[in-house]
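First the structure, in the form of C-alpha cells, and then the observations on it.
There are 2 protein chains.
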Amino acid sequence: MLDLLKVDSLEEAVSKLYNECKNNGLEIGTEEINVSDSFLRILALDVVANIDVPEFDRTVVDGYAVIAKDTAGASDTIPTILNVVGESFMGKPQDIEIKNGECVYVPTGAMLPKGATACIMIENTENITNDKVAIYDSVAEGKYVVKKGDDIKKGTVALNKGHIIKAADMGFLSSIAVNKIKVYKKLNITIISTGDELIDENDKLEFGKIRDVNTNLLVGLSNKYGLNIVNKYLLKDDEKLLEDTVRKAMTTSDIVVVSGGSSKGKKDASSEVLGRVSSSGVLTHGIAIKPGKPTITAYDKDTKTILVGLPGHPVASAILFKLVLIDLLYKLMNVDETDYSCIGVMTENIPASPGRMTIQLVNVDKDYNVTPIYGRSGLIHTLSVATGYIRLEINQEGINKGSKVNVYYL
Amino acid sequence: MLDLLKVDSLEEAVSKLYNECKNNGLEIGTEEINVSDSFLRILALDVVANIDVPEFDRTVVDGYAVIAKDTAGASDTIPTILNVVGESFMGKPQDIEIKNGECVYVPTGAMLPKGATACIMIENTENITNDKVAIYDSVAEGKYVVKKGDDIKKGTVALNKGHIIKAADMGFLSSIAVNKIKVYKKLNITIISTGDELIDENDKLEFGKIRDVNTNLLVGLSNKYGLNIVNKYLLKDDEKLLEDTVRKAMTTSDIVVVSGGSSKGKKDASSEVLGRVSSSGVLTHGIAIKPGKPTITAYDKDTKTILVGLPGHPVASAILFKLVLIDLLYKLMNVDETDYSCIGVMTENIPASPGRMTIQLVNVDKDYNVTPIYGRSGLIHTLSVATGYIRLEINQEGINKGSKVNVYYL
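In the order they appear, the protein sequences are chains A and B. Position one of the first sequence corresponds to residue 117 (the working numbering), numbered consecutively onward. Position one of the second sequence corresponds to residue 117 (the working numbering), numbered consecutively onward.
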C-alpha cells in the first residue's frame, strides 16, 4: 500500500478555497472607523482625496516670502535689502501682492502672498528697521515653497481598497481631510490544537508529554495579522470531542483552525471532522509543499466559516497559516501587499524537491548573506531564530551558492 | 544676524537624553504576563529554558521506529519485512527495546523505543499480518527522528532581555515550558500638536488652514512601537496653554511629545516651555540631521518624564520620533533589534550634506532598485508612498549611483 496522498499545489489550494468562499456568498463585513483608530486595519473601499494638498502655495520655513530674482547675488557677506510690506499669519488667508524689492514675513506653513516665488529662511536674514530686512542668501524659484496640489490633487485615489493602514497613511489621510474610513471588520478566529501528547501551559510536565506550542504560535500570528481570537482549545485526540468543538466554534467564528491530526496516522481525525462539518466537504487534503504537506481546507456556506487543518509541526503550521489562510484572506480583501522582504546572496546550494514547493528557513547576516537553517520541522526554536524563509516554487530548480534570493520575513 | 543654531549630532542627542534619564533614576517598570498575551512586548529579563527540547528522542512522522541498518536495500518494489513488537502512544513513556529485525509503531511526536535509530513513514509501509510489516523505504540513521535536547538545552538562555516577542517566540517559549515572562510595562505617552494654522479632523475646513497631520501620524507610530496613548491635544500657538498642557500631561505620562513650534520663528514656544518644565532644562535644541533639525529634548526627574519637541513637518516629525524617542527607549530597554531592512542598489547619486546626517526617503522596486523620493519635508504623501529611508551618516560622503545601500523600512 503505497498511499501517496493526492495533493494540490499551494496555488490550487488557495484558489479552490477562494472560489468556494466567493461562490457561496462569503462577504467580509465592513465598518466605518476613525482614522485615529485605523493602525494596521485594511481598507474596504478606495479613499479619494477631499482636497488639494496643500490647498494653497505655502512656505516650508519661517522667514520671508520674496521674488526669487530679487535675491540674486545676495550672500553671507553682501546682503540684499528688501522692504517688508506685511506679514502672513498661520491659518489665515493672505491677500497682499508683492512687487520687486518687497517681501512679506511668513511663518512655516503660512500662505504665500501673491507674486512671491520663493522664501528665505529667517536664519539668513537680519532686521534693519521695522520695514527693512537684510537678505543673506540667494534662492532659486520655488525654494522653500510648496505649491497648491503638489502633494496630491483633489479627487484622485489616495489609497486603494485592500491597503493596510500604516502610521504614515494615518497622517496622510488626515492631510486629505479624510477622518473616517471604511475598513474590513476584524475576523473572528478559533484556534484548536489537538494531540494526546500535548499538555498546556498550566499542566505539570510529565515525562513523555510535550508542551503545546502551536496554540501560542497561532495566537501570535493571529495578533500579527489582526485577527480577533474568540477562543482557543487544546484537545486530546478524540474525534467526537473535536467535532463538537469545531461545530461550536463555527457559530462564533469566521475562521476555525485545527492544528495537528492532519496526516494519515492512526488517530488523525481532522480531515474526517472538517469534511463532515463543511457544506462541500474537504477541498484540499495535502499540499505539494515542504514542510506543510498535511494541510486541509474546507468551507461551510451555512455558517460562512473558513476551516483550515494545519500540520502539527510548529514550523509547518506557522508557514501554512500564512501561505494558505492569510493569503486567502488577503485575496478576499484585495490586499496587494506582501510582507516586507529583502534580497541576499545564498552561502550554500539549496536543493529543490521535485514536484513540490520548498520553504527553507534562513538566517540573513548584516552583509545580507543568506544561510539555510536545517532544523527539523517539529522544532520551533529554528523558527524563533530564523530571519525569514525563502520559497522554491514547485517547478523551480535548486538554488546555487552565490545566487540572489528573496527572503520573506516571518 | 546669521543665527546658526548650535546643534548636536543625532548620537549626541540620544546619549545626552539617555544619560540624563539614567542619572536621574529613570527605571522602566516591569510586569509579569502570560506568554499568550506577549505579542510584541519587550523582555525585561533573560529567559532560560526550563527543560531540554525535546525531552526525549522522538519521531517527527507517523510510522515505524526501526534500526536504520535493517532497512538497507528496501525500495518501492522490494520491501524488507520487519516484526512489529509493540506500539508507542503519544504522551506516554515507552520502555520497549527493539533488536534487529524488529520495529514499533510510532505516531508523530511519540517517544522512540530504545535501540531505534530512525523512522519509516507509514505511507512507505504495508501491514502484512498483525505483527509483520513490509518496509518500502531505506533510511539513514537519524531519519525522521529528533534527539533529546536537539532544539535547546535546559538552562541555556533562550531569549535575551530586550528581545521583542514575535509570534514564533511565543511558540518557542511554550516549548521550553515557560508560560509567564517579565516584560517592560507599556509606556504612557501624551501627544501634543501645536500650530495656529492647524485644524483637527472634526473642524470644518477653512481656506488658509491645514489639517493637523502629526497627531494621527504620531498616534500610528505610538501604536506601532507599543506605546499607550493617554491623551492627545491640538493646541493653538499659545505658550501659557502649551505649558499648562505639558505640565498636566507630565502627571499622567512617561513621555510627552510636542510637535510643531520647535524652530526659531516668532511664535515658537516649545523650547521655552520644555526648558521650564524640566529639571535640567533643554538638553538638545537642534540636531544635525536633515530633515529634522529643530528637535528638542528634555527630561524631568521629579515626574520622570521624557520630553521631546518634534519638528512640525510631518516627515521630519515621524523620522525623529523613531530616531530620537524610540531609539532612546530601545537603549533604555536593551533592545538589540533594528527594524527590518533590505539592501538595494541606488539608481541615482545622492549628495551628502556637510556636517549633518541626511535621511532620504526612497522607493524600492521588485528588483531592489532604490530611487530617492524628493518630496518637500512638509508633505506627508511622500512618507505614505515611500518604502523606507536611507541614512547618510554625519561624515559620510554622498552615495553614487550603482552603490549598495541599506534601506530602513518605515
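For every residue, glycine included, the Cβ atom is placed at its ideal position computed from N, Cα and C. No experiment lies behind these values; they were computed from the predicted model shown.
Looking at the DSSP output, Gly425 (chain A) sits in a beta bridge with A:Val374 and A:Ile412. Listed in chain order, the beta strand (DSSP E) elements of length 3 or more contained wholly in the segment 190 to 270 of chain B are 196 to 203, 218 to 222, 234 to 237, 241 to 245 and 248 to 251.
Between His429 (chain A) and Phe288 (chain B), the C-beta gap is not smaller than 9 Å, which leaves the two residues out of contact. The alpha carbon of Leu126 (chain B) has as its nearest neighbour, out of B:Gln512, B:Tyr484, B:Gly491 and B:Leu439, the alpha carbon of B:Leu439.
If you draw a 10 Å sphere on the C-beta of Gln512 (chain A), you find fewer than 16 other C-beta atoms in it, and that means exposed. Taken through DSSP and simplified to helix, strand or coil, Lys301 (chain B) comes out as coil. Apart from sequence neighbours up to five positions away, the residues of its chain that approach Leu314 (chain B) with a beta-carbon distance below 8 Å are Lys325, Ile326, Arg327, Asp328, Leu350 and Gly376, ordered along the chain.
Below the 7 Å Cβ cutoff, chain A contributes Met206, Gly207, Gly225 and Ala226 as neighbours of Glu313 (chain B), in chain order. The shortest CA-to-CA distance from Val273 (chain A) to any of A:Asp168, A:Asp247 and A:Thr241 is the one to A:Asp168.
Nearest neighbour of Arg507 (chain B) by Cα position, chosen from B:Val486, B:Lys520 and B:Ile475, turns out to be B:Ile475. Counting other Cβ atoms within 10 Å of its Cβ, Glu509 (chain A) stays below 16 and is therefore classed as exposed. Rounded to whole angstroms, Thr419 (chain A) and Ile371 (chain A) show a C-alpha spacing of 10 Å. Within the DSSP bridge table, the entry for Glu136 (chain A) names no partner. Val486 (chain B) sits in a strand when the DSSP states are folded into three classes. Among the residues of the segment 434 to 453 of chain A, those with a Cβ less than 7 Å away from any Cβ of chain B are Ala434, in the order of the chain. The residue from B:Ile238, B:Gln210, B:Cys137 and B:Ala468 with its alpha-carbon nearest to that of Tyr446 (chain B) is B:Cys137. Within a 10 Å sphere around the beta-carbon of Ala181 (chain B) sit 16 or more other beta-carbons, which makes this residue buried. Burial state of Val164 (chain B) is exposed, judged by a 10 Å Cβ sphere holding fewer than 16 other Cβ atoms. Neighbourhood of Ser290 (chain B) in chain A, by CB distance below 7 Å: Glu317, Arg327, Asp328, Val329 and Asn332, in chain order. Ranked by Cα distance from Pro427 (chain A), the options A:Ile405, A:Tyr415 and A:Leu275 are led by A:Ile405. In this structure, the CA atom of Ala226 (chain B) is about 26 Å from the CA atom of Val123 (chain A). Around the beta carbon of Asn339 (chain A), a 10 Å sphere encloses 16 or more other beta carbons of the protein chains shown; the residue is thus reported as buried. In the structure shown, Tyr341 (chain B) adopts coil according to DSSP, grouped into three states. In the three-state DSSP reduction, Asn330 (chain A) falls in the helix class (H, G or I).
In the DSSP assignment, Val480 (chain B) forms a beta bridge with B:Val486. At least one CB of chain A lies nearer than 9 Å to the CB of Leu275 (chain B). A direct Cα-Cα distance of roughly 6 Å separates Pro209 (chain A) from Phe323 (chain B). The beta carbon of Ser457 (chain A) lies closer than 8 Å to those of Gly504, Asn522, Val523, Tyr524 and Tyr525 in the same chain, with the five residues before and after it left out. Listed along chain A, the residues sitting closer than 7 Å to Ser152 (chain B) by beta-carbon distance are Asn332 and Val335. Proximity of Leu161 (chain A) to chain B, defined by a Cβ-Cβ separation below 9 Å, is not satisfied. Under the three-state reduction of DSSP, Gly141 (chain A) is assigned to coil, being neither helix nor strand. Under the three-state reduction of DSSP, Ile510 (chain A) is assigned to coil, being neither helix nor strand. Contact with chain A is absent for Ala190 (chain B), since none of that chain's Cβ atoms lies less than 9 Å from the residue's Cβ. Put simply, the CB of Ala234 (chain B) is far from chain A, with every gap to its CB atoms at 9 Å or more.
In the three-state scheme derived from DSSP, where H, G and I count as helix and E and B as strand, Met462 (chain A) is classed as strand.
The beta-carbon separation of Thr411 (chain A) and Leu436 (chain A), rounded to 5 Å, stays under the 8 Å limit for a contact.
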